[in-house]
Amino acid sequence: MSRFFINIWVVSSILMLNGYCQEVGEPCNIKDTGERGQCKVHSDCSGIEEQARRGISITLCGFYQLTIPIVCCRNERTFAINVPAPNDLGIDRPSGIVFPDQVPSIDNSQDSLIFSGVRKSEQKCSEYSKDVTDEVHAIPLVTDVQPIRINVTKCEYNSVALIVGGTPAAAGEFPFMASIGFPDSDNQPDWRCGGTLISERWVLTAAHCTFSRDEGPNWIRLGALDMSKRQEQGRIDYLVDKIIVHPGYRYPLKYNDIALISTHRIVKFSNFIKPACLFTKSSMRQKNAFAIGWGQREYASPNSEKLLKVQLNLYDNRICANAYQQEIKANEQISKGITKNMLCAGELKGGKDTCLGDSGGPLFITEKYNKCKFYVIGVTSFGKLCGQENVPAVYTRVSEFIDWIENTIW
Numbered sequence: 001m002s003r004f005f006i007n008i009w010v011v012s013s014i015l016m017l018n019g020y021c022q023e024v025g026e027p028c029n030i031k032d033t034g035e036r037g038q039c040k041v042h043s044d045c046s047g048i049e050e051q052a053r054r055g056i057s058i059t060l061c062g063f064y065q066l067t068i069p070i071v072c073c074r075n076e077r078t079f080a081i082n083v084p085a086p087n088d089l090g091i092d093r094p095s096g097i098v099f100p101d102q103v104p105s106i107d108n109s110q111d112s113l114i115f116s117g118v119r120k121s122e123q124k125c126s127e128y129s130k131d132v133t134d135e136v137h138a139i140p141l142v143t144d145v146q147p148i149r150i151n152v153t154k155c156e157y158n159s160v161a162l163i164v165g166g167t168p169a170a171a172g173e174f175p176f177m178a179s180i181g182f183p184d185s186d187n188q189p190d191w192r193c194g195g196t197l198i199s200e201r202w203v204l205t206a207a208h209c210t211f212s213r214d215e216g217p218n219w220i221r222l223g224a225l226d227m228s229k230r231q232e233q234g235r236i237d238y239l240v241d242k243i244i245v246h247p248g249y250r251y252p253l254k255y256n257d258i259a260l261i262s263t264h265r266i267v268k269f270s271n272f273i274k275p276a277c278l279f280t281k282s283s284m285r286q287k288n289a290f291a292i293g294w295g296q297r298e299y300a301s302p303n304s305e306k307l308l309k310v311q312l313n314l315y316d317n318r319i320c321a322n323a324y325q326q327e328i329k330a331n332e333q334i335s336k337g338i339t340k341n342m343l344c345a346g347e348l349k350g351g352k353d354t355c356l357g358d359s360g361g362p363l364f365i366t367e368k369y370n371k372c373k374f375y376v377i378g379v380t381s382f383g384k385l386c387g388q389e390n391v392p393a394v395y396t397r398v399s400e401f402i403d404w405i406e407n408t409i410w
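Residue numbers (full-length UniProt numbering): 1 to 410.
Put into structure tokens, the structure is as follows:
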């Protein structure tokens with residue numbers, strides 16, 4: 001992680017802190033010029049780069065949720081650009097994390113640990129995310145105050161674009177994606193399932209992906225994009241060392257469908273290979289999530305050779321319970337119904353879904369102000385015909401298994 005004093009975009013400047021903290025949307029004064037402005041989240045201030053180039057020091061209003069810089073942004077007439085008002089921007093709270101006062105009271109001892117930084121997965125998330133942020137040091141105007149550290153995103157991808165109904169991913173866009181290989185008749189890898197790299201050694205996947213009539217998975221492929229290519233920049237294959245299936249899983253039942261696979265050696269991180277964070281909250285504000293995989297583009301079609309990405313809607317579990325009511329009554333595999341350990345996601349209009357070959361892969365969200373930071377909320381578990389109307393797919397809810405994951409891998 002690079003450190004600089006202070007370097008925003010190109011030009012070195014000094015962030016100057018007002019004598020008191022101001023909120024987003026409040027009027028402010030730019031210290032160097034005395035011009036009127038408005039406090040905005042730094043990523044929403046379109047003119048700040050030009051301001052820095054002109055040698056105008058950046059005035060810091062304060063911090064949003066203690067970590068996101070709020071700067072005094074010159075009024076749009078100064079730059080003759082059309083900047084939406086803060087209310088139009090929908091600035092609430094960072095969407096990648098749900099804060100305790102945003103969800104109903106839940107009897108869950110984990111919640112108090114998440115935001116105090118005690119949870120091991122949260123500590124590791126911060127550690128792994130250092131490569132996608134720059135630490136900025138700013139000097140406040142207040143005397144005898146230590147420099148302020150600000151994490152500024154440095155991400156090549158500003159958003160996750162819109163694998164049934166999916167579009168191809170770019171190289172390095174999802175560096176946590178893993179493919180799990182089983183030996184075929186010639187002892188060559190048959191890439192059947194997906195997974196998520198979550199540490200230096202461990203990949204998160206579905207428990208049913210570890211079962212085979214012949215032999216379990218032997219390989220983990222990381223940094224891949226196009227499976228048809230014999231070689232790719234940044235791609236590395238690892239041998240499987242250990243397979244740990246959740247103790248509550250019973251094949252072929254659909255419950256506790258989660259497992260961990262370790263590589264035979266430490267994974268070397270790069271621009272193409274990096275872990276994802278684990279989402280630890282039992283509730284979330286997001287209405288959408290993203291899925292990726294090399295699965296079928298449509299039911300009964302060949303698997304995709306290229307990694308595909310798709311945006312899916314998150315639904316209340318009652319939607320899936322209704323969609324699978326016949327299976328719940330007739331099939332003992334889901335006889336307990338859709339439980340709190342599951343997530344319901346898809347597109348009720350049809351056309352967008354995960355499919356065969358995507359099993360074990362991640363369902364994930366990003367932070368509103370840091371699109372480089374991915375939080376895995378689900379593991380692709382099961383569904384009906386891919387992309388069918390009114391039938392979302394079902395995912396294992398990662399937050400319900402955080403204790404087990406942490407105790408297993410760290």
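Glycine included, every Cβ here is placed at the ideal spot set by N, Cα and C. None of these values were measured; they are calculated from a predicted model.
Cβ pair residue i, residue j closer than 7 Å
i	j	result
residue 379	residue 206	yes
residue 254	residue 188	no
residue 383	residue 209	no
residue 199	residue 275	yes
residue 212	residue 242	no
residue 338	residue 313	no
residue 169	residue 307	yes
residue 203	residue 195	yes
residue 392	residue 324	no
residue 414	residue 305	Residue 414 lies beyond the range of the chain shown here (1 to 410); nothing can be said about it.
residue 177	residue 58	no
residue 39	residue 277	no
Element boundaries [beta strand (DSSP E), containing residue i]
i	result
residue 202	202-205
residue 466	One cannot answer for residue 466 here, as it falls past the ends of the chain, which runs 1 to 410.
residue 261	259-263
residue 417	Absent from the structure is residue 417, since the part of the chain shown begins at 1 and ends at 410.
residue 338	That residue, residue 338, is in no beta strand (DSSP E); it is neither H nor E in DSSP.
residue 367	362-367
residue 214	Here residue 214 belongs to no beta strand (DSSP E), and DSSP marks it neither H nor E.
residue 241	236-245
residue 395	393-397
residue 24	Segment: none, residue 24 is in no beta strand (DSSP E) and carries neither H nor E.
residue 69	68-74
residue 221	219-222
Residue i classed as buried or exposed, judged by whether at least 16 other C-beta atoms fall within 10 angstroms
i	result
residue 34	exposed
residue 375	buried
residue 402	buried
residue 390	exposed
residue 249	buried
residue 266	exposed
residue 36	exposed
residue 294	buried
residue 192	buried
residue 121	buried
N- and C-terminal bounds of the alpha helix (DSSP H) containing residue i
i	result
residue 324	Unbroken run through residue 324: none, as it is neither H nor E.
residue 266	First-last for residue 266: undefined, no H or E at that position.
As assigned by DSSP and simplified to three states, the class of residue i
i	result
residue 315	strand
residue 122	helix
residue 332	helix
residue 411	What is shown of the chain runs 1 to 410, which leaves residue 411 out entirely.
residue 408	helix
residue 128	helix
residue 32	coil
residue 272	coil
residue 57	coil
residue 401	helix
residue 358	coil
residue 390	coil
residue 186	coil
Length of the line joining the Cα atoms of residue i and residue j
i	j	result
residue 397	residue 283	10 Å
residue 271	residue 179	17 Å
residue 347	residue 395	14 Å
residue 259	residue 69	38 Å
residue 388	residue 349	8 Å
residue 234	residue 400	33 Å
residue 322	residue 404	30 Å
residue 463	residue 320	Only positions 1 to 410 of the chain appear in the structure, and residue 463 is not among them; the question remains open.
residue 245	residue 63	42 Å
residue 42	residue 56	15 Å
residue 129	residue 279	14 Å
residue 30	residue 22	13 Å
residue 257	residue 366	23 Å
residue 310	residue 25	34 Å
residue 45	residue 73	6 Å
residue 159	residue 288	Since pLDDT at residue 159 reaches only 44, below the 50 mark, its modelled position is unreliable, and the value read off the structure follows with that caveat. Distance between the alpha carbons of residue 159 and residue 288: 13 Å.
residue 373	residue 381	23 Å
residue 222	residue 182	15 Å
residue 344	residue 27	43 Å
The ligand NAP heavy atom lying under 6 Å from the CB of residue i
i	result
residue 211	Although the ligand NAP was asked about, the structure shown includes no ligands whatsoever.
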